[in-house]
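Quick note, the sequence shown lines up with residues -14 to 73 if you use my numbering. Report on the following structure.
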Amino acid sequence: PTFIQLPRRQEVEGEQFYSVACGGHHTIASTVSGKVYTWGSNSAGQLGLTQVHMDRHCTGPDAEGVCCKGICVLPQLVTGVCDGPSGG
């Protein structure tokens, strides 16, 4: 198992968080500029991130090691519309 000590202060360079909401294992935050960031568990698609996004940030050419095994440990910018884990 992967253990992450929570809560952990998160920052995004150039952004100021305006509103934050937390679930059991995930967090969603909006910024003053209107962007939405999520982090934590994406086991049921609750981060609004596709599996492609998760894979790319874990093992792909843009890998940062921040989204692996269904968990993002750093805030991820959410774009577009998500309608559940299947994306449809």
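For each residue, glycine too, the CB sits at the ideal point set by N, CA and C.
Nearest to residue i by alpha carbon, out of the options?
| i | options | result |
| --- | --- | --- |
| Ser26 | Cys43, Cys57, Ile13 | Cys57 |
Can you tell me whether residue i is buried or exposed? The criterion is at least 16 other CB atoms within 10 Å of its CB, across all chains shown.
| i | result |
| --- | --- |
| Thr44 | exposed |
| Gln61 | buried |
Residues in the same chain with beta-carbon distance under 6 Å from residue i, minus the five sequence neighbours each way, listed in chain order, please.
| i | result |
| --- | --- |
| Cys53 | Cys43 |
Please work out which residues of its chain come closer than 8 Å, Cβ to Cβ, to residue i, disregarding the five sequence neighbours upstream and downstream, and give them in chain order.
| i | result |
| --- | --- |
| His11 | Thr23, Trp24, Gly25, Ser26, Asn27, Gln31, Leu32 |
| Val34 | Val is not the amino acid found at residue 34; the sequence shown has Leu there. So the qualifying residues of the chain are Thr23, Asn27, Cys52, Cys57, Gln61, Val63, Cys67. |
Could you pull the DSSP bridge partners for residue i from this structure?
| i | result |
| --- | --- |
| Gly25 | His11, Cys57 |
| Ser4 | Ser15 |
| Cys52 | Cys57 |
Note down, in chain order, each residue of its chain lying with its Cβ closer than 7 Å to the Cβ of residue i, except the 5 sequence neighbours on either side.
| i | result |
| --- | --- |
| Tyr3 | Ser15, Thr16, Val17 |
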